[in-house]
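Worksheet: the structure to be examined is printed underneath.
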Amino acid sequence: MFLHWLSAAIILWALVSGFYVAFLSTSLALKQVVGSFNVSVTALFIPFFVVRIFLSFSPREQTARTLAQWTAFWVHKVIYLVTGIVLATGVMMMDRAINLFDLLLIPAPIDSAGLIAVFKKLHDVSCVVLAVLVVLHIGAVIRHEVSGHRILRRMLW
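Below, the structure is given as structure tokens:
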């Protein structure tokens, strides 16, 4: 459950703060601080996300799944896929070194401005898709909780 809540916190922070500085009138200084922080946090999150993906495929108890359970299973896999696309395109669109909290610099993986622009566009679109999926996911959790199916109780730390 730790990886779920770590993922949720980082994804929600990155989406909300990223959309905030992208679409609202903010100072250049705030955009730079949020951008730098988000690059560092999400880059450090990538190894945890890889572990989370790996663990999501570990065998569970072998019981027959209902249509609703299969739907939840595949929706979660789509969320993982889109999150992976967001993280990968976030790295690939970097036009400068990736600065991890001033502790480590990772060289930009691409130097072609045209290719960087393609990855930036893919990143922007995948962020919107991920935001929609996260809102739907939160809505489903609320629906389950209200209907008495207490899934959050199972997911406590």
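Taking our numbering, the leading residue of the sequence shown gets 1, the next gets one more, and so forth.
Backbone N, C-alpha and C define an ideal beta-carbon position, used for all residues, glycine too.
Item                                                                                                                                                                     : Value
Tell whether a beta-carbon distance below 7 Å holds between H123 and M93.                                                                                                : yes
Smallest Cα separation from V125: which of H137, V135, I85?                                                                                                              : I85
With L105 as the anchor, note down where its beta strand (DSSP E) starts and where it stops.                                                                             : 104-106
State the Cα-Cα distance for the pair Y80 and S112, rounded to the nearest angstrom.                                                                                     : 28 Å
Report, in whole angstroms, the separation of the C-beta atoms of I11 and V134, which I expect to be a contact under 8 Å.                                                : 7 Å
Compare the Cα-Cα distances from T83 to each of V146, A68, F48 and report the closest residue.                                                                           : F48
Just verifying my parser: in three-state terms, what is the DSSP assignment at L122?                                                                                     : helix
Determine the DSSP secondary structure at L81, reduced to helix, strand or coil.                                                                                         : helix
Can at least three beta-carbon pairs, one atom from the segment 96-103 and one from the segment 29-44, be found at a separation below 8 Å?                               : yes
Within the same chain, show all residues whose beta-carbon is closer than 6 Å to that of S147, passing over the 5 residues directly before and after it, in chain order. : none
Distance check for F73 and V34, CA to CA, integer angstroms please.                                                                                                      : 33 Å
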